[in-house]
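> Okay, handing you the structure first.
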Amino acid sequence: MRSGIHGAAAAAAVGVLVVTAGGWVGYRQLAGPDCSGKIELSVAVATELAPAVDAAASEWEEKGAAVDGTCIDVTVAAADAVEVAAVVAAKHGASLAGVGQASGTAVSPDVWIPDSSTWLLRLQTGGAAAFAPGNGASIASSPVVVAMPEPIAGRLMGWPQKEIGWTELLARVNSDRPLKTGIVEPTRDAAGLSGLLSLMTAAASSGGATAEQDRIGALRALASGASALRQDLLAKFPTASDGTTLASSLGAAALSEEDVIQYNAKKPPVPLAALYLKPSPLPLDYPYAVLPGIEPAKDSAARVLFEVLTTPSFKDKLAAQALRGPDGNWGSGFEPPQGAPSPAGGDPSAAPPPQGGIAAGGLAPDAVERAVSSWSIATLSGRMLCIIDVSGSMKKAVPTANGATRQQVTAEAARRGLNLFDDSWSIGLWVFSTRLDGARDYRQVVPTGPLSRQRSNLERSLDTITSSSGDTGLYDTLLAAYKDVQENWEPGKVNSIVLFTDGKNEDADGISQRQLLAELKRIKDPDQPIQVIIIGIGTEVSKAELDTIAQSAGGGAFVAADPTKIGDIFLRAIALRKAPA
Numbered sequence: 001m002r003s004g005i006h007g008a009a010a011a012a013a014v015g016v017l018v019v020t021a022g023g024w025v026g027y028r029q030l031a032g033p034d035c036s037g038k039i040e041l042s043v044a045v046a047t048e049l050a051p052a053v054d055a056a057a058s059e060w061e062e063k064g065a066a067v068d069g070t071c072i073d074v075t076v077a078a079a080d081a082v083e084v085a086a087v088v089a090a091k092h093g094a095s096l097a098g099v100g101q102a103s104g105t106a107v108s109p110d111v112w113i114p115d116s117s118t119w120l121l122r123l124q125t126g127g128a129a130a131f132a133p134g135n136g137a138s139i140a141s142s143p144v145v146v147a148m149p150e151p152i153a154g155r156l157m158g159w160p161q162k163e164i165g166w167t168e169l170l171a172r173v174n175s176d177r178p179l180k181t182g183i184v185e186p187t188r189d190a191a192g193l194s195g196l197l198s199l200m201t202a203a204a205s206s207g208g209a210t211a212e213q214d215r216i217g218a219l220r221a222l223a224s225g226a227s228a229l230r231q232d233l234l235a236k237f238p239t240a241s242d243g244t245t246l247a248s249s250l251g252a253a254a255l256s257e258e259d260v261i262q263y264n265a266k267k268p269p270v271p272l273a274a275l276y277l278k279p280s281p282l283p284l285d286y287p288y289a290v291l292p293g294i295e296p297a298k299d300s301a302a303r304v305l306f307e308v309l310t311t312p313s314f315k316d317k318l319a320a321q322a323l324r325g326p327d328g329n330w331g332s333g334f335e336p337p338q339g340a341p342s343p344a345g346g347d348p349s350a351a352p353p354p355q356g357g358i359a360a361g362g363l364a365p366d367a368v369e370r371a372v373s374s375w376s377i378a379t380l381s382g383r384m385l386c387i388i389d390v391s392g393s394m395k396k397a398v399p400t401a402n403g404a405t406r407q408q409v410t411a412e413a414a415r416r417g418l419n420l421f422d423d424s425w426s427i428g429l430w431v432f433s434t435r436l437d438g439a440r441d442y443r444q445v446v447p448t449g450p451l452s453r454q455r456s457n458l459e460r461s462l463d464t465i466t467s468s469s470g471d472t473g474l475y476d477t478l479l480a481a482y483k484d485v486q487e488n489w490e491p492g493k494v495n496s497i498v499l500f501t502d503g504k505n506e507d508a509d510g511i512s513q514r515q516l517l518a519e520l521k522r523i524k525d526p527d528q529p530i531q532v533i534i535i536g537i538g539t540e541v542s543k544a545e546l547d548t549i550a551q552s553a554g555g556g557a558f559v560a561a562d563p564t565k566i567g568d569i570f571l572r573a574i575a576l577r578k579a580p581a
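Have a look at this one:
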């Protein structure tokens, strides 16, 4: 929530569509005399936008809000986007890294106006492929900026005279004397995600041998200053202008323009500068999403409410909340930060959000998924046994990987994932086929241990993995791995197994699937949970078989029909692991 920033909005409840007694949102009786009946329309709105939507809906109702002669009651509730996303994800069977489970009291609204279309995109890429909300057009906007204490912005970045780019900020973050950076968890905050995407893009564009190092360095720097709540992040900015305080306080964070305006309105000892870095990051675009499955009458009411929220007078209500219109321009009373770009002033860097919202404007879904997954891995700690299939079929060339084999593509995906894990992780490596180590189908390559002392050994081992001529001894291997992880289970960490395979079980001398499932059921200990992730490679795997095994063991299965996608699936699978209770 942003409850520490928005005055009256602080009274809004955390739960979706649950209104606090005495709060400013709530149920209103219609004043219109010329309608009958009642259509109740529930609208969940980003906290900072809710007062403007509530005011517009109130005026509409006072004039007699109706559709085809039926009265309309609008309930507006301020709600964190992550809370509604959890509800919608649960309803549509999606999994979103970092979002968590929906509150038991939360319900899905009829209309959802989150702060960013990236929420809608994440739901679709997170497993809710059929999730197709209506409308989706932007009704407000706020650029994402880098907020920096004014003395630091002037001294380090040449603000306000100098134009600054993300590459320059990246250099400051990864320097020998790094700028202290912070972020609100980007898995739960759209402005944080926008800033993370821009910084990762800058790292990738640097090219050369340092690109990967720059990307990981930036992730780690941001992670060290991450906050779960926005008010906690804002509290890290300096409370005095002396050198010691400035040096020990937060020096930069990705926030919205609205956040900076509201922060400075409180007259803090050290105001924040809003740096509009180039290229411009994704702005908050506040899409008007009519959620699937609502009744036709409510759908009609939602269409009329959208018209109310796109009138010229609504832009002035947005200005009162330090927000811009969807075209990037602002209404009467808006006080922009120094250097703020304006489309009305002909500033080409202030291009308005695409119609239909950012998610419909060309943002690559895999870019968002990769950024969120990378963040989740870089900021979590765990104990993982990685198991790679080395059966003969792994020698098969992958046409989309310039002829590299499945084995090589898999090892490279594991190696790149390994770079994201910090030294607090414990990682082990096994390989498997059939009769790989005497009568055993599996062989331990590197025992599970702290990365702080065996990272280089793991990297060398991944580089030297070769395929055998054997078949796939899946069942015996998985059971042995489960017992190994269980025996060495570590409290306080996510204990997991990640197994890569391109085939079905082909070990005639080993246990059957029935025996495997029965044994897993017998030895599972709810007090020592182990999450099993199976990643199928290519088209020969049986998704149904992998699902049955993974779910029985306590986990999930993923299939990369195109082996070049293994890396993205690996990151997403690891990021979706549940933290220990």
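Numbered as in full-length UniProt numbering, the sequence shown ends at 581 without a single skipped number.
Heads up, the beta-carbon is just placed ideally off N, CA and C, and yes, glycines get one too.
These numbers come from a predicted model, not from an experiment.
Kindly list the residues whose CB is nearer than 6 Å to the CB of Ala553, restricted to its own chain and excluding five residues on each side of it in sequence; keep chain order.
Within the sequence shown, the letter at position 553 stands for residue 553. Cβ within range, chain order: Leu520 and Val532.
> With a cut-off of 8 Å, do at least 3 Cβ pairs link the stretch 209-227 to the stretch 171-185?
Yes, the stretch 209-227 is in contact with the stretch 171-185.
> Do the stretch 275-289 and the stretch 145-160 make contact, defined as three or more Cβ pairs closer than 8 Å?
Judged by Cβ distances under 8 Å, the stretch 275-289 makes contact with the stretch 145-160, as three or more pairs qualify.
> Where does Phe306 fall in DSSP's three states?
By one-based count along the sequence shown, residue 306 stands at place 306. Reduced to three states, the DSSP call for Phe306 is helix.
> Between the alpha carbons of Gln124 and Thr187, how many angstroms are there, rounded?
In the sequence shown, residue 124 corresponds to position 124, counting from 1. In the sequence shown, residue 187 corresponds to position 187, counting from 1. Answer to the nearest angstrom: the Cα atoms are 15 Å apart.
> Tell me which same chain residues have a C-beta within less than 7 Å of the C-beta of Asp214, skipping the five on either side of it?
In the sequence shown, counting from the first residue as 1, residue 214 sits at position 214. Counting only Cβ-Cβ distances below 7 Å, and skipping sequence neighbours, we find Leu170, Asn174, Ala203 and Ser206.
> Check whether the stretch 93-106 touches the stretch 65-77, counting contact only when three or more Cβ pairs, one atom from each stretch, lie closer than 8 Å.
No, the stretch 93-106 does not touch the stretch 65-77.
> Tell me the rounded alpha-carbon separation between Asp423 and Leu451.
Counted from its first residue, the sequence shown places residue 423 at position 423. Counted from its first residue, the sequence shown places residue 451 at position 451. When rounded, the distance between both Cα atoms is 5 Å.
> How is Ser374 classed by DSSP in three states: helix, strand or coil?
The residue given as residue 374 occupies position 374 in the sequence shown. Correct three-state label for Ser374: helix.
> Given Ala55, which residues of its chain have a CB within under 8 Å of its CB, disregarding the five upstream and five downstream residues?
Numbered from its first residue, the sequence shown carries residue 55 at position 55. So the list reads Lys317, once near-sequence residues are dropped.
> Output needed for Glu150: all residues of its chain with C-beta closer than 6 Å, excluding positions within five of it in sequence on either side, in chain order.
The count along the sequence shown starts at 1 and reaches residue 150 at position 150. Correct list, in chain order: Pro271 and Ala273.
> Ignore the nearest five residues each way along the sequence and tell me which others in Ala240's own chain have a CB closer than 6 Å to its CB.
On the sequence shown, position 240 is the one that residue 240 refers to. Around Ala240: Pro269.
> For the 8 Å Cβ check, are there 3 or more pairs between the stretch 473-486 and the stretch 404-411?
No contact exists between the stretch 473-486 and the stretch 404-411.
> Report the CB separation of Leu156 from Arg172 in whole angstroms; it is logged as a contact under 8 Å.
Reading the sequence shown from its first residue, position 156 is the one you call residue 156. Reading the sequence shown from its first residue, position 172 is the one you call residue 172. That pair is a contact at about 7 Å.
> Given this structure, state the Cα-to-Cα distance separating Cys71 from Leu309, to the nearest angstrom.
Within the sequence shown, the letter at position 71 stands for residue 71. Within the sequence shown, the letter at position 309 stands for residue 309. Straight-line Cα distance between these residues: approximately 18 Å.
> What are the start and end residues of the alpha helix (DSSP H) that includes Thr75?
The count along the sequence shown starts at 1 and reaches residue 75 at position 75. Taken as a continuous stretch (DSSP letters only), Thr75 belongs to no alpha helix (DSSP H), being part of the beta strand (DSSP E) at Thr70 to Ala78.
> At which residues does the beta strand (DSSP E) containing Thr448 begin and terminate?
Taking the first residue of the sequence shown as position 1, residue 448 is located at position 448. From DSSP, the beta strand (DSSP E) with Thr448 extends over Arg440 to Pro450.
> Considering only C-alpha positions, which residue in the set Glu487, Ile535, Thr548 and Glu490 is nearest to Leu516?
To locate residue 516, count along the sequence shown from 1; it is residue 516. For the residues Glu487, Ile535, Thr548 and Glu490, the minimum Cα distance to Leu516 belongs to Thr548.
> What would DSSP say about Ser391, mapped onto helix, strand or coil?
On the sequence shown, position 391 is the one that residue 391 refers to. DSSP places Ser391 in coil when its eight states are reduced to three.
> If you follow the beta strand (DSSP E) that Glu40 is in, where does it begin and where does it stop?
The residue given as residue 40 occupies position 40 in the sequence shown. Start and end: Ser36 to Val45.
> Please classify Ile523 as buried or exposed, where buried requires at least 16 other C-beta atoms within 10 Å of its C-beta.
Position 523 of the sequence shown, counted from the start, is the residue given in the question as residue 523. Ile523 is exposed by the Cβ-count criterion.
> Provide the residue span of the alpha helix (DSSP H) that contains Val99, from first to last.
If you number the sequence shown from 1, residue 99 lands on position 99. Neither: Val99 is in no alpha helix (DSSP H) and is coded neither H nor E.
> Three-state secondary structure (DSSP) at Ile164?
Position 164 of the sequence shown, counting from 1, holds the residue named residue 164. It is coil, neither helix nor strand.
> Quick one: which unbroken alpha helix (DSSP H) runs of 4-plus residues sit fully inside the stretch 502-579? Chain order, please.
For the stretch 502-579, whole alpha helix (DSSP H) runs of length 4 or above, ordered along the chain, are 513-523, 543-553 and 566-575.
> Cβ of Gly556 within 7 Å of Cβ of Asp502?
Here residue 556 refers to the residue found at position 556 when the sequence shown is read from its first residue. Here residue 502 refers to the residue found at position 502 when the sequence shown is read from its first residue. Taking 7 Å as the Cβ cut-off, Gly556 and Asp502 do not qualify as a contacting pair.
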